[in-house]
Structure formats: structure tokens, C-alpha cells
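Engineer: Could you have a look at this structure, given as C-alpha cells, before my questions?
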Amino acid sequence: MKTSDRAVAIAELRNCRIAELNHQGSGFSNSAIPQLPNSAIRRASPHRRSVLLNPITVPPDNTQKFDLLVVGAGPSGLASAIEAQRAGFRAVLIEKGCLVNSLFHYPANMTFFTTPELLEIGDIPFPSAHVKPTREEALEYYRKVAEHYQLDVRQYERVEEVSGSDGDFLVRTSTVEAEILGALEGPGKRHVPGRRAEYRARKLVVATGYYDLPNIMQVPGEDLPKVFHYYREPHPFFGRDVLVIGGKNSAAIAALELWRHGARVALVHREAALHRHVKYWIKPDIENRIKNGEVTAYFDSTVKEILPESVLLQTPNGEVRLKNDFVFALTGYHPDYSFLQGLGIQLTGDECRPIVNQETLETNVSGIYVAGVIVAGSKTNEIFIENGRFHGQRIAQDLKRKLLTATP
Ligand SMILES: Cc1cc2nc3c(=O)[nH]c(=O)nc-3n(C[C@H](O)[C@H](O)[C@H](O)COP(=O)(O)OP(=O)(O)OC[C@H]3O[C@@H](n4cnc5c(N)ncnc54)[C@H](O)[C@@H]3O)c2cc1C
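If you want this note's numbering, it's the position in the sequence shown, counting the first as 1, plus 147.
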């Protein structure tokens with residue numbers, strides 16, 4: 148595309164959006180649009196261009212007041228907004244990545260562990276060609292749900308700060324251009340604060356999940372670029388020496404997939420065997436690969452040090468040094484406790500569970516609710532989509548009780 152054509156195309160896209168916003172009476176002006184690098188816009192497909200342009204055209208929204216602001220557009224956040232809307236409230240979702248950002252960053256070829264109907268929200272059926280849906284199908288499903296309910300999702304905007312109190316919260320966000328462009332990297336990897344926006348809301352739901360913060364082993368060399376805390380796909384590791392750390396589903400699935408795509412795989416786990424929660428259809432597969440020596444497993448063992456070309460393990464038989472090109476440390480993830488505490492939410496001492504009213508999920512901070520996996524604190528295997536999707540109904544019930552009798 149010639150430079151002049153590109154300039155016209157970009158101008159058209161911007162003008163469309165401005166016209167749309169003016170039509171909505173937002174009072175938003177051209178000068179508020181930050182400039183994306185033209186090269187990024189040029190490379191993008193028409194759909195992606197609209198994604199790239201959409202978040203930066205979100206106006207500061209301090210003139211409008213929402214009944215409910217939901218932080219995080221994962222399955223639980225979406226369900227919370229849907230239930231609030233169905234109860235007649237005006238809801239907005241703020242999402243620092245893309246829609247269902249955690250699911251987007253799951254392994255590319257994954258299938259879910261559960262059948263589709265257990266992932267449904269808002270009473271929208273989830274059609275799938277498989278007994279267990281693929282990640283692609285799930286992404287499409289949640290896109291369709293968001294469209295169906297016309298959810299107001301502000302993507303690529305991170306909630307930075309909350310002030311005010313029950314009935315009148317002020318939420319400050321920053322739009323993050325680097326995260327838009329880095330959407331294909333790890334879920335929380337790059338964060339360069341961009342334009343700021345403000346929202347006012349009567350109530351808040353925090354549904355920020357746990358997938359942004361990996362559990363760090365704190366071993367020397369963990370920060371080397373060859374060490375990953377997220378597994379995406381196997382092809383780049385063909386013919387390489389790969390160490391997988393962990394003993395749960397994610398580690399077992401990654402080890403199997405890497406081995407099937409020609410990597411030389413070693414697995415190290417600090418316990419004596421794989422975790423009992425490894426799914427019944429995955430367990431025999433990985434156990435047989437280990438028995439056949441196709442995946443070399445070290446149980447009751449830990450990583451002592453990661454070096455550029457090797458790893459040092461502490462095993463029951465003493466230290467073992469393995470030749471190594473890449474490491475997948477799949478040792479779990481945890482919620483952003485400091486974000487919750489920053490809102491004034493108290494956590495239990497042992498398992499870091501937010502203090503909540505068990506019926507309504509309202510926290511110790513009046514007007515702030517939690518939904519989804521963060522309700523379980525560090526016990527991230529207690530709540531998943533299957534059960535977290537119902538939190539929104541409990542919250543909406545309480546909103547009806549409290550907001551319909553209160554003065555806006
Ligand atoms: C590989 C894998 C397979 C799984 N398979 C299944 C399965 O088969 N069935 C099942 O039920 N569960 C499954 N789970 C678990 C399930 O995906 C999670 O429990 C679920 O996504 C939690 O939903 P959530 O809405 O609470 O959090 P999330 O889906 O993690 O959503 C939280 C959202 O909040 C956003 N966010 C965080 N901080 C901010 C901020 N400050 N500002 C704005 N946005 C923010 C994040 O970007 C994210 O999009 C699986 C998990 C993994 C890792």
C-alpha cells in the first residue's frame with residue numbers, strides 16, 4: 148500500500164469511529180486519539196485494524212456512571228456483567244488484554260477438560276463438534292456471547308487504581324498500546340502505561356483470575372530467556388533438549404505434546420509421582436511414555452540451577468546435570484493478591500482467600516464483590532469455569548436487593 152493510501156485508510160478508520168462516538172453523544176474529539184504506529188496498522192487485517200483502533204478510541208468516561216464495573220473479561224467477569232444486565236443494570240467490563248485473555252493464552256492446541264455445556268454462560272448453548280471443546284471453539288463461543296448480550300467490554304485497558312466508596316467508585320485505567328501489540332506474547336508480559344481513563348460505578352466486581360502471575364521457583368537462572376512459564380505449542384522445540392518442571396495436567400500435556408513433536412523431553416517433579424488430579428485419559432499416556440523411557444522423569448527431585456546450556460537437578464541419587472536448550476516451568480499461577488489488598492480486600496492468612504459474604508460474594512469492602520477463581524485464593528483448583536460461571540447470579544441478586552432501593 149502506498150503511503151498516501153495508508154494515511155487515507157487510517158483517517159477513514161478514525162473518522163468512522165469518531166462519527167460513531169459522536170452519534171452516541173460521547174462528546175469525544177479527534178485530539179483524544181493517540182497515534183498507533185502506522186506500520187502496525189498497515190500489517191493488520193481489517194478485523195485486527197478495528198481491534199487496534201477500538202481501545203484507543205475509548206473516551207475518558209468520567210461523565211457517565213455505571214451501575215456495575217467488572218474488572219476482567221474472563222468467563223466469570225462476562226457472566227457477572229450478563230447477569231447484572233439481565234437484572235436491568237448498566238454494566239461495563241474493563242479488560243487489560245483481549246476478551247477471555249487467559250483462555251487466549253492457553254496452549255494453542257488444547258482441548259478443555261470439561262464438556263461444552265459446563266462452560267456455558269448467560270444460558271447461551273455452546274455447540275461443539277467434540278465431546279470436549281477446543282480452545283478455538285471456546286474463544287468463538289465467548290465472542291458470540293459478548294456480541295449477543297452487546298457487552299460493553301473495554302479491551303486493552305488495565306485497572307490501575309480505585310478510589311471512592313460504595314455507591315460511587317472512581318476507577319482509573321490505563322490503555323496499553325504495548326499490550327495490544329504484544330497480545331501474542333505471555334498474558335502479562337509487557338506493560339507500558341498509555342492513555343488514562345476514568346469510570347464511575349456504583350458497584351464493582353473483581354474477576355481478575357490467576358493466570359497472569361506464575362509461581363516462581365526462585366532458583367538461579369530462572370530469569371534466563373530460555374525459561375518459559377507458559378506453554379503454547381511444540382513445533383519450535385523439535386530436536387531440542389527440553390525440561391518440563393511440574394507434575395500436574397499442564398506439565399503432563401506439555402511433555403507429551405513436545406515429545407510427539409520431536410523434542411527430547413525430561414520431566415522433573417518434586418513429588419514421588421504425578422499429581423492425583425492429572426486427568427484419567429492423560430495419566431496412562433504420560434506414565435507409559437515414562438515407562439518406555441521416551442520421556443525421562445525425575446521424581447522426588449528439584450531444579451537447583453538453570454544454566455544457558457544445561458540444568459542441574461537435585462535427585463534422590465544426588466546431583467544430575469542435563470544438557471538443555473529450553474525449560475518450561477509449569478509450576479502453577481496465583482491471583483494478584485496485592486491488587487486485591489490495594490482495594491482494601493482482606494485475605495485469609497493461610498490460603499489468601501478474600502473475605503466474602505458466602506451468599507453474595509461481597510467482600511469486606513462494601514460494594515466490592517469478587518467472582519471466579521480468585522474467590523478460592525491460592526486454591527486455584529477449587530474454582531474453574533464450571534463453577535465460577537455461577538458467581539454472577541449471586542452478585543446480581545444482591546445488586547437487585549441493594550441498588551433497586553438506593554438513590555443512584
Ligand atoms: C490449560 C488450562 C485448561 C483449563 N481447562 C478448564 C476446563 O476444561 N474447564 C474449566 O472449568 N476450567 C478450566 N481451566 C480453568 C479456567 O480456565 C479458569 O479457572 C477460569 O478461566 C477462571 O475464570 P475467571 O474469569 O475467574 O479468570 P480468568 O479467565 O483468568 O479472567 C481474568 C481476566 O482478568 C483480566 N485482568 C487481570 N487483571 C486485570 C486488571 N488489573 N485490569 C483489567 N483486567 C484484568 C485478565 O486479563 C483476564 O482476562 C483451565 C485452565 C488452564 C490453565
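Every residue gets a Cβ at the ideal spot worked out from N, C-alpha and C, and that includes glycine. These figures come from a predicted structure and were not determined experimentally.
Could you tell me the distance, in whole angstroms, from the CA atom of D359 to the CA atom of Y480?
Structural biologist: Working through the sequence shown from its first residue, we reach residue 359 at position 212. Working through the sequence shown from its first residue, we reach residue 480 at position 333. Roughly 7 Å separates the two Cα atoms.
Engineer: Whose CA, out of P254, T320, Q297 and E345, lies closest to the CA of K212?
Structural biologist: Taking the sequence shown and counting its residues from 1, the one referred to as residue 212 is at position 65. The shortest C-alpha separation from K212 is found at E345.
Engineer: Are G524 and L494 close, meaning C-beta to C-beta below 8 Å?
Structural biologist: Here residue 524 refers to the residue found at position 377 of the sequence shown. Here residue 494 refers to the residue found at position 347 of the sequence shown. A contact, by the Cβ cut-off of 8 Å.
Engineer: Are S397 and L477 close, meaning C-beta to C-beta below 8 Å?
Structural biologist: For the purposes of this step, residue 397 is taken as the residue at position 250 of the sequence shown. For the purposes of this step, residue 477 is taken as the residue at position 330 of the sequence shown. Yes.
Engineer: Buried or exposed: which applies to G535, given that a residue is buried once 16 or more other Cβ atoms fall within 10 Å of its Cβ?
Structural biologist: Along the sequence shown, one-based indexing puts residue 535 at 388. Buried: at least 16 other Cβ atoms inside 10 Å.
Engineer: Quick check on DSSP: helix, strand or coil for L494?
Structural biologist: Here residue 494 is taken as the residue at index 347 of the sequence shown, counted from 1. If DSSP states are grouped into helix, strand and coil, L494 belongs with the strands.
Engineer: Whose CA, out of H252, A402 and P272, lies closest to the CA of I429?
Structural biologist: Within the sequence shown, numbered from 1, the residue matching residue 429 stands at position 282. When only C-alpha atoms are compared, the closest one is A402.
Engineer: From G539 to T261, what does the alpha carbon distance come to, in whole angstroms?
Structural biologist: Against the sequence shown, residue 539 aligns to sequence position 392. Against the sequence shown, residue 261 aligns to sequence position 114. Taking the straight line joining both Cα atoms gives about 20 Å.
Engineer: Could you have a look at N265 and say whether DSSP puts it in helix, strand or coil?
Structural biologist: Locating residue 265 in the sequence shown gives position 118, counting from the first residue. In the sequence under discussion, the amino acid at residue 265 is Leu, which differs from the Asn named in the question. If DSSP states are grouped into helix, strand and coil, L265 belongs with the helices.
Engineer: Determine which residues share a DSSP beta bridge with K470 and list them.
Structural biologist: Counting from 1 along the sequence shown, the entry for residue 470 is found at position 323. Answer is S457.
Engineer: When you measure from the CB of T261 to every non-hydrogen atom of ligand 3, does any distance come out below 7 Å?
Structural biologist: As far as ligands go, the structure on display features ligand 1 and does not contain ligand 3.
Engineer: Report the three-state DSSP secondary structure of N177 (helix, strand or coil).
Structural biologist: Counting from one through the sequence shown, the residue named residue 177 turns up at place 30. Annotation note: pLDDT 29 at N177 (below 50); position unreliable, coordinate value reported separately. It is helical.
Engineer: Whose C-beta lies closer than 8 Å to the C-beta of K526 among residues of the same chain, with five residues either side of it excluded?
Structural biologist: Looking up residue 526 in the sequence shown gives position 379. Result list for K526: E498 and R500, in chain order.
Engineer: Relative to the alpha-carbon of E308, which residue among L215, L298 and R343 has its alpha-carbon at the smallest distance?
Structural biologist: Locating residue 308 in the sequence shown gives position 161, where the first residue counts as 1. Nearest option by C-alpha distance: R343.
Engineer: Contact between the stretch 224 to 239 and the stretch 277 to 297: three or more CB pairs below 8 Å?
Structural biologist: Touching, yes, given that three or more Cβ pairs across the two stretches are closer than 8 Å.
Engineer: First and last residue of the beta strand (DSSP E) that includes Y346?
Structural biologist: What you label residue 346 is simply residue 199 of the sequence shown in a count that begins at 1. It spans R343 to V353 - the beta strand (DSSP E) in which Y346 sits, taken as one unbroken run.
Engineer: How many Å lie between R233 and V415 at the Cα?
Structural biologist: Numbered from its first residue, the sequence shown carries residue 233 at position 86. Numbered from its first residue, the sequence shown carries residue 415 at position 268. If you take the alpha carbons of R233 and V415, they lie about 48 Å apart.
Engineer: Within the same chain, show all residues whose beta-carbon is closer than 6 Å to that of S223, passing over the 5 residues directly before and after it, in chain order.
Structural biologist: In the sequence shown, counting from the first residue as 1, residue 223 sits at position 76. A354, A518, G519, G535 and H538.
Engineer: Please report how far the alpha carbon of P361 lies from the alpha carbon of L250, in whole angstroms.
Structural biologist: Working through the sequence shown from its first residue, we reach residue 361 at position 214. Working through the sequence shown from its first residue, we reach residue 250 at position 103. For P361 and L250, the distance between alpha carbons rounds to 15 Å.
Engineer: Nearest-angstrom Cα distance between D483 and N528?
Structural biologist: Residue mapping note: residue 483 aligns to position 336 of the sequence shown, counting from 1. Residue mapping note: residue 528 aligns to position 381 of the sequence shown, counting from 1. Rounded to the nearest angstrom, the two C-alpha atoms are 16 Å apart.
Engineer: Who are the Cβ neighbours of H376 in its own chain at under 6 Å, not counting the five residues just before and after it?
Structural biologist: In the sequence shown, residue 376 corresponds to position 229, counting from 1. So the qualifying residues of the chain are P361 and A476.
Engineer: Helix, strand or coil for D545, going by three-state DSSP, please let me know.
Structural biologist: Along the sequence shown, one-based indexing puts residue 545 at 398. It is helical.
Engineer: Per DSSP, which one or two residues make a beta bridge with P361?
Structural biologist: Against the sequence shown, residue 361 aligns to sequence position 214. According to DSSP, P361 bridges with Y480.
Engineer: Output yes if chain D places a C-beta closer than 8 Å to the C-beta of F446; else output no.
Structural biologist: No chain D appears in the structure shown, which is made up of a single protein chain.
Engineer: Closest to D370 by CA distance: which of I453, V306, R237 and Y357 is it?
Structural biologist: Mapped onto the sequence shown, residue 370 falls at position 223. Comparing Cα positions, the closest option is I453.
Engineer: Could you tell me which whole beta strand (DSSP E) segments of length 3 or greater appear in the stretch 214 to 255?
Structural biologist: The qualifying runs are 238 to 241.
Engineer: Does DSSP classify R190 as helix, strand or coil?
Structural biologist: For this step, residue 190 is matched to residue 43 along the sequence shown. Bear in mind that a pLDDT of 43 at R190, under 50, signals an unreliable position, so the model cannot answer this.
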